[in-house]
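The structure appears below as structure tokens.
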Amino acid sequence: MYTDMTLGCLVVLVQAVARDVFAAKHATERKERWVSGNFVYFAMSQIVDIYFVGGFGTVQWISPSAYLSSRPDDIVVDNVTHVLAELNRALGQELKQFISPSPTHPIDELLFISIDAGGVDVRVRCGSDFNVERISFGCKVHTLEEAHRALATVLRPAAAASS
1 MYTDMTLGCL VVLVQAVARD VFAAKHATER KERWVSGNFV YFAMSQIVDI YFVGGFGTVQ
61 WISPSAYLSS RPDDIVVDNV THVLAELNRA LGQELKQFIS PSPTHPIDEL LFISIDAGGV
121 DVRVRCGSDF NVERISFGCK VHTLEEAHRA LATVLRPAAA ASS
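No gaps in the numbering here: position 129 of the sequence shown is 129 in UniProt numbering, and each next residue is one more.
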């Protein structure tokens, strides 16, 4: 059974170890450092969940095993910049006309800014207003060609169904 004295000694010991961990992590700094207070947060011995921020506004707590076992979508692994540039070149103008609110309020700029297996994010500028829109593919894509076909299905549903 632990007594208050035993618990107090454990806290002091953990604080000392945590301060050593903190000092080791910041050993490359030239200036003298002094941080007072609770050092336990600098020596997390067991991570139970991770606050993941990613994708299109995706924010959630996930387990470390889920984080470590995750892999990037195939579409972003090989030169995502080329994929976005190609989508902008091939479909940018057509998408601009497709989502234009009205002829009297044309879209000044439309740009594919990110992509994942489930869809693309498009930055739209009308005058001084900027907005980011999400376009879902309706299926998982792995290659530029699949993304192109999926977007063509969104833009030209009848033509894509017949091909």
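Yeah, the Cβ is synthetic: ideal placement off N, Cα and C, and Gly gets one too.
> Apart from the five residues just before and just after Trp-61, which ones in its own chain have a Cβ nearer than 8 Å to its Cβ?
Replying inline: Within the same chain, Trp-61 has close Cβ partners Asp-49, Ile-50, Tyr-51, Phe-52.
>> Ala-147 and Val-124 - do their beta-carbons sit closer together than 9 Å?
In response: In this structure, Ala-147 does not lie closer than 9 Å to Val-124 by Cβ.
> When the Cβ atoms of the segment 60-77 are set against those of the segment 94-111, are three or more pairs found closer than 8 Å?
Replying inline: As far as the Cβ criterion goes, the segment 60-77 does not touch the segment 94-111, which means the pair count is below three.
> Just checking my contact of Ile-115 with Val-76 at CB under 8 Å: how many whole Å lie between their CB atoms?
Replying inline: About 7 Å separates the two Cβ atoms, so the contact holds.
>> Going by DSSP, what residue range makes up the alpha helix (DSSP H) through Asn-88?
In response: Its alpha helix (DSSP H) spans residues 80-99.
> Arg-123 lies in the beta strand (DSSP E); which residues open and close that run?
Replying inline: That run of the beta strand (DSSP E) goes 119-126.
> In terms of residue numbering, what span does the beta strand (DSSP E) encompassing Ile-115 cover?
Replying inline: Counting along the chain, the beta strand (DSSP E) containing Ile-115 begins and ends at 109-116.
>> Buried or exposed, going by whether 16 or more other CB atoms sit within 10 Å of the CB of Phe-130?
In response: Counting every other CB atom within 10 Å of its CB across the protein chains shown gives Phe-130 a total below 16, marking it as exposed.
> First and last residue of the alpha helix (DSSP H) that includes Arg-149?
Replying inline: Counting along the chain, the alpha helix (DSSP H) containing Arg-149 begins and ends at 144-155.
> If you draw a straight line from the alpha carbon of Asp-78 to that of His-142, how long is it in whole angstroms?
Replying inline: Whole-angstrom Cα-Cα distance: 10 Å.
>> Quick check on DSSP: helix, strand or coil for Val-76?
In response: In the structure shown, Val-76 sits in a helix (DSSP, three-state: H, G or I).
> Relative to the C-alpha of Phe-137, which residue among Ser-128, Glu-145, Gly-118, Leu-144 is closest?
Replying inline: Of the listed residues, the one whose Cα sits closest to Phe-137 is Gly-118.
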